[in-house]
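Set out below in structure tokens:
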């Protein structure tokens, strides 16, 4: 922002009429701007969004030096039109730069509200019992990268980057149909977790929560949720489901990308598509169960880690977003898992078994709840609506049948002590940290009208309250019903389902 301010000052100085004052002022301001520019490059590195600004500062500095120290033999008269057009071009360039800085900012993630510091570390797990099946050229065993956030001892250390694996940023941009350099600036965003910090000594052990991201997502896009829970006394492990993320980088430098989406085709009928989704879901569920197995080995010391002996494996929860929410539900059939949360995700493998008889919290976006509401009210799409949706009546009828079964499962989970909520003015990606990255996602309609900070605050509050209630046997105030502090959060009554 300082470089941008200095660039605006340079533009303003071009309008000063007194030549002597203009030259000296431009030299001082452009010199200071150039020094800050060099420091910026050395400390932070370049940013694509600032290319015009870089060129303008360098040009003004060189021009000022020439004007002060080199006496021109011939004074060139530049026409008024050229001066006006030149300044107009600079003004438009700076306005465009300002827009890019607004749309793609180097932002600050929300500060965790708990009293504990947060540490983080990554684990590379290899499941020797499963062959990899998703990658086009995949061979060998199923591998996972898992990021862990945990309560940390106060002290010094380096804070982790929001997305430390910078090589994957171009794949993230491609996932949203944007040029590869679009999110290059995210390497300068820090989180609130200290790398490899010591585990907090405040408690002997902390409950474990395992998290599952959605299609084309990443473990890093649930940073704020993980940090928030860790600051309140949980160890949170977020899985990168290999080939289901936009990209995952392994310790040896290999990068895998999202190929599971290739399993689906517009030519498939609903039953075929559902079958493929169920098979994919089964793999994701096994990822969660395998990860839980690895943390049992970490707890016993068979896998070296500073988390040895610090996991409360008698109190385990799960959560996930989108298909990751369905994964959290499906994994909760494992008797080791006590409770779970589904963030805006439809369920899979519903016909494989009876409903889950454990407390489960469903937090939905308003748009997804509206779809469920249509099923609850037995509404039928008109031909015009089907045409607008580019869908068929046969397809939507089968979706409705699945949603009815899904509602039955929600009702059963609510009977067991869970809840079904939806948050007004939210869309699907308000449940991830994507909402902080760019306002362009709001324009595209994949995040809602609600302010990102507010959406994150509400979601974190209800997640924490639910886990506290069932894993720590405390709090639970928000689970009792509507709360005036969160007017945007709506409870769905069980008898309405």
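Numbering (the working numbering), first residue to last: 37 to 533. Every residue gets a Cβ at the ideal spot worked out from N, C-alpha and C, and that includes glycine. Predicted model only: the values in this text are computed from it and were never measured.
Nearest to residue 352 by C-alpha distance, out of 299, 246, 266, 324, is 246.
Scanning 50, 161, 426 for the CA closest to the CA of residue 119 turns up 50. Residue state for residue 255 is assigned as helix, using DSSP reduced to three classes.
Checking the DSSP bridge columns, you'll see residue 377 partnered with 355, 397. Put simply, the backbone Cα of residue 126 is about 21 Å away from that of residue 74. In the three-state reduction of the DSSP assignment, residue 384 falls in the coil class. The Cβ neighbour count for residue 262, taken over all protein chains shown within 10 Å, is at least 16; the residue is labelled buried. A straight-line Cα-Cα distance of about 12 Å links residue 502 and residue 457. For residue 156, the enclosing beta strand (DSSP E) begins and ends at 153–167. Here the C-alpha atom of residue 488 lies approximately 21 Å from the C-alpha atom of residue 211. Here the alpha carbon of residue 506 sits roughly 7 Å from the alpha carbon of residue 375.
When C-alpha distances from residue 198 are compared across 249, 142, 514, the shortest belongs to 142. Contact annotation: the segment 457–477 does not touch the segment 424–437, with fewer than three C-beta pairs closer than 8 Å. Excluding the 5 residues flanking it on each side, residue 403 has same chain C-beta neighbours closer than 6 Å at 463, in chain order. If you draw a straight line from the Cα of residue 378 to the Cα of residue 193, it comes to about 34 Å. Sorting 235, 95, 269, 382 by C-alpha distance to the C-alpha of residue 435 places 382 at the top.
With a contact defined as Cβ atoms closer than 8 Å, residue 359 and residue 317 qualify at about 7 Å. Note that the C-beta distance between residue 43 and residue 93 is below 8 Å. For residue 217, the closest C-alpha among the options 224, 208, 225 is that of 208. Classified as exposed, residue 479 has fewer than 16 neighbouring CB atoms from the shown chains inside 10 Å of its CB. Annotation: the continuous alpha helix (DSSP H) that includes residue 70 extends over 55–79.
Separation of residue 206 and residue 213 (C-alpha to C-alpha, rounded to the nearest whole angstrom) is 11 Å. When beta bridges are read from the DSSP output, residue 348 appears opposite 243.
Counting along the chain, residue 489 sits inside the alpha helix (DSSP H) bounded by residues 488–503. The beta carbon of residue 62 sits closer than 6 Å to the beta carbons of 49, 100 from its chain, once the five residues preceding and following it are set aside; these are given in chain order. Under DSSP, residue 186 takes part in a beta bridge, and its partners are 155.
For residue 333, the uninterrupted alpha helix (DSSP H) run begins and ends at 306–336, by DSSP. A direct Cα-to-Cα measurement between residue 221 and residue 140 gives close to 8 Å. A Cβ-Cβ contact shorter than 8 Å links residue 286 with residue 179. Distance from the CA of residue 64 to the CA of residue 41, rounded to the nearest whole angstrom, comes to 14 Å. Only residues of its own chain outside the window of five on either side were considered, and among them 199 have a CB closer than 6 Å to the CB of residue 256, listed in chain order.
Taking the CA atoms as reference points, residue 137 sits about 14 Å from residue 90.
Here DSSP, grouped into helix, strand and coil, assigns residue 228 to strand. Counting C-beta pairs with one atom in each stretch, the segment 264–282 and the segment 364–373 have fewer than three that are closer than 8 Å, which means they do not touch. Residue pairing from DSSP places residue 276 in a beta bridge opposite 181. The segment 147–160 makes contact with the segment 179–188; the number of CB pairs closer than 8 Å reaches 3 or more.
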